[in-house]
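Take a look at the structure below.
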Amino acid sequence: MNKPVSNPTQPYRSLIAGYTEAIRASDFKANIAFLFVAFMMGSVLWNYRSLPSYLPVQLVLLPFLVVYFCLFMVLFPRYPKRGAKNFLVARRPTPADFENVIETEEDIGQLKLRCAVHSDILWWKSFYIRVSFLLSIVCVCITIFLLLYVWFT
Amino acid sequence: MAKDQNAQLRNLIAGYNDSIRLSDIKAMIAVLFVAIMVGTVLQFRDRYPWYLKVPVLLIPFMVIFLNLLISVYPRFPRAGRRRFPLWRNPDPDDFDFVADSEAEIAELPARCALLSRILWWKNITLQIAYLLSMACLAATAILLFAARL
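For the protein sequence lines, the chains are A and R, in the order given.
Residues in the first sequence are numbered consecutively from 1, following the numbering used here.
Residues in the second sequence are numbered consecutively from 1001, following the numbering used here.
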């Protein structure tokens, strides 16, 4: 049997806070990754004449562009329609749109909906950030192997 | 007594979360520092002594990058997904489990173990990156003085 909790909305609020924190951390990582990739791309492009013949500049730049695309997708602002009742983003909102804020704050159904919206947002963010990080890690590994190959031949 | 233990576990979880966040920030700043340094080092590669070829210069940077990227790689282990689910297009009714406070309390030690493991990996990769960076700085200092003699 489940124990009745003093405030039944509290566990949902904690979960929402966890999601918000994870989303914020994900955005922060993506922002820094943008800077990292931009700096690295500059270094690679400045020295593209020194690249071996089997590494055309297009091939070298392709991973950078894919990583950029994924990072843009991570940072793309998302305000899904199904969560709009809780967090209205409108061009011409009226004060009447915010009159039932307290009701929605206490409604477990609305809190569950917010959990679902946040989980969905975090799923997309973590998917794209993982793709970009994995691609970066693979490219760094390939670079290490190529450098070792050049060093020992 | 049990209440105290739960409070302790929650404090421990908060501590792990703080340390993980701090570790991520350190790794992110280090990534930026190293990325800026790569450009600077490569810019003057024509002036280096013959034994400092491009692969010798770049391999430490790449190993540091690899460790830092592994350190900040987002981790949501499957073991913790029951209380923190990541679903694509979930239904609000999927979150009924949140109301089960007993299950939440029972999973506190498991969450501590999970966060501890995440922090261990972040810590070990960050330490390798930092140690390698410091070793490279020391080697650079020695080479700079050796070149003057």
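Backbone N, C-alpha and C fix where the C-beta goes; we use that ideal spot for every residue, glycine too.
A quick note: this is a predicted structure, and the numbers were derived from the prediction, not measured.
Exercise. Are residue 1031 of chain R and residue 36 of chain A close, meaning C-beta to C-beta below 8 Å?
Worked result: Looking up residue 1031 of chain R in the second sequence gives position 31. Looking up residue 36 of chain A in the first sequence gives position 36. Cβ atoms of residue 1031 of chain R and residue 36 of chain A: closer than 8 Å.
For this session: Keeping to the same chain, check which residues put their C-beta closer than 8 Å to that of residue 1114 of chain R; ignore five residues upstream and five downstream.
Result: The residue given as residue 1114 of chain R occupies position 114 in the second sequence. These residues qualify, in order along the chain: 1077, 1079 and 1080.
Problem set entry | residue 1119 of chain R vs residue 1023 of chain R beta-carbon contact at 8 Å | Within the second sequence, the letter at position 119 stands for residue 1119 of chain R. Within the second sequence, the letter at position 23 stands for residue 1023 of chain R. Cβ atoms of residue 1119 of chain R and residue 1023 of chain R: closer than 8 Å.
Problem set entry | 7 Å Cβ shell around residue 1041 of chain R - same chain, five flanking residues per side excluded | Your numbering for residue 1041 of chain R matches position 41 in the second sequence. The answer, listed in chain order, is 1057.
Problem set entry | Alpha carbon of residue 1055 of chain R to alpha carbon of residue 150 of chain A, nearest angstrom | In the second sequence, counting from the first residue as 1, residue 1055 of chain R sits at position 55. In the first sequence, counting from the first residue as 1, residue 150 of chain A sits at position 150. Approximately 7 Å, taken between the alpha carbons.
For this session: Give a yes or no on whether 8 Å exceeds the smallest Cβ distance from residue 1130 of chain R to chain A.
Result: Within the second sequence, numbered from 1, the residue matching residue 1130 of chain R stands at position 130. Not closer than 8 Å to any Cβ of chain A, the Cβ of residue 1130 of chain R fails to qualify, so no.
Exercise. Going along chain C, which residues have a C-beta under 8 Å from residue 1032 of chain R?
Worked result: Although the question refers to chain C, the structure presented lacks it and instead comprises the protein chains A and R.
For this session: Taking residue 67 of chain A and residue 119 of chain A to be in contact with their CB atoms under 8 Å, please state how far apart those CB atoms are, rounded to whole angstroms.
Result: Walking along the first sequence from the start, residue 67 of chain A turns up at place 67. Walking along the first sequence from the start, residue 119 of chain A turns up at place 119. The pair is not a contact, with the Cβ atoms about 25 Å apart (cut-off 8 Å).
Exercise. Going along chain R in order, which residues have a C-beta closer than 8 Å to the C-beta of residue 120 of chain A?
Worked result: In the first sequence, residue 120 of chain A corresponds to position 120, counting from 1. Residues of chain R passing the Cβ test: 1087, 1088, 1089 and 1090.
Exercise. From the beta carbon of residue 1101 of chain R, is the nearest beta carbon of chain A less than 8 Å away?
Worked result: As a first step, residue 1101 of chain R must be located in the second sequence, where it is residue number 101. Judged by the 8 Å Cβ criterion, residue 1101 of chain R is in contact with chain A.
Problem set entry | residue 71 of chain A beta carbon less than 8 Å from that of residue 60 of chain A | As a first step, residue 60 of chain A is located in the first sequence; it is residue number 60 there, counting from the start. As a first step, residue 71 of chain A is located in the first sequence; it is residue number 71 there, counting from the start. Contact: no.
For this session: For my contact list, residue 23 of chain A and residue 121 of chain A are in at a C-beta cut-off of 8 Å; report their separation, rounded to the angstrom.
Result: As a position in the first sequence, residue 23 of chain A is number 23, starting the count at 1. As a position in the first sequence, residue 121 of chain A is number 121, starting the count at 1. Contact flag correct, Cβ pair sits at about 6 Å.
For this session: Mind the definition here: the region 6-23 of chain A touches the region 1083-1097 of chain R only if three or more C-beta pairs lie below 8 Å; say whether that holds.
Result: Result yes; three or more Cβ-Cβ pairs closer than 8 Å.
Problem set entry | Among A:45, A:74 and A:107, the one whose alpha carbon lies nearest that of residue 85 of chain A | Locating residue 85 of chain A in the first sequence gives position 85, counting from the first residue. Nearest option by C-alpha distance: A:107.
For this session: Compare the C-alpha of residue 1075 of chain R against each of A:134, A:89 and A:45 and name the closest.
Result: Here residue 1075 of chain R refers to the residue found at position 75 when the second sequence is read from its first residue. Among A:134, A:89 and A:45, the Cα nearest to that of residue 1075 of chain R belongs to A:134.
Exercise. Under a CB-based cut-off of 8 Å, is residue 130 of chain A close to chain R?
Worked result: Walking along the first sequence from the start, residue 130 of chain A turns up at place 130. Yes - at least one Cβ of chain R is within 8 Å of the one on residue 130 of chain A.
Exercise. Applying the criterion that 16 or more other CB atoms from any shown protein chain within 10 Å of the CB defines a buried residue, is residue 114 of chain A buried or exposed?
Worked result: For this step, residue 114 of chain A is matched to residue 114 along the first sequence. The residue in question, residue 114 of chain A, is buried, as its Cβ has 16 or more Cβ neighbours within 10 Å.
Exercise. From the beta carbon of residue 136 of chain A, is the nearest beta carbon of chain R less than 8 Å away?
Worked result: Locating residue 136 of chain A in the first sequence gives position 136, where the first residue counts as 1. Yes, residue 136 of chain A lies at the interface with chain R (some Cβ there is under 8 Å from its Cβ).
For this session: State the CB to CB distance for the pair residue 9 of chain A and residue 147 of chain A, rounded to an integer number of angstroms; the pair is presumed to be in contact (CB under 8 Å).
Result: Locating residue 9 of chain A in the first sequence gives position 9, counting from the first residue. Locating residue 147 of chain A in the first sequence gives position 147, counting from the first residue. Between residue 9 of chain A and residue 147 of chain A a beta carbon distance of about 55 Å is seen, past the 8 Å cut, so the two are scored as non-contacting.
Exercise. Roughly how many angstroms lie between the CA atoms of residue 138 of chain A and residue 1066 of chain R, to the nearest whole one?
Worked result: Working through the first sequence from its first residue, we reach residue 138 of chain A at position 138. Working through the second sequence from its first residue, we reach residue 1066 of chain R at position 66. Looking at the two C-alpha atoms, the distance is approximately 9 Å.
Problem set entry | Span of the alpha helix (DSSP H) around residue 126 of chain A | Your numbering for residue 126 of chain A matches position 126 in the first sequence. First-last of the alpha helix (DSSP H) with residue 126 of chain A: 108-152.
For this session: Enumerate in chain order the residues of its own chain whose CB-to-CB distance from residue 1112 of chain R is below 8 Å, with the five nearest sequence positions on each side excluded.
Result: Looking up residue 1112 of chain R in the second sequence gives position 112. Within the same chain, residue 1112 of chain R has close Cβ partners 1009, 1012, 1013 and 1016.
Problem set entry | Straight-line gap, residue 1097 of chain R to residue 1071 of chain R (C-alpha atoms, nearest Å) | For the purposes of this step, residue 1097 of chain R is taken as residue 97 along the second sequence, with counting starting at 1. For the purposes of this step, residue 1071 of chain R is taken as residue 71 along the second sequence, with counting starting at 1. Taking the straight line joining both Cα atoms gives about 31 Å.
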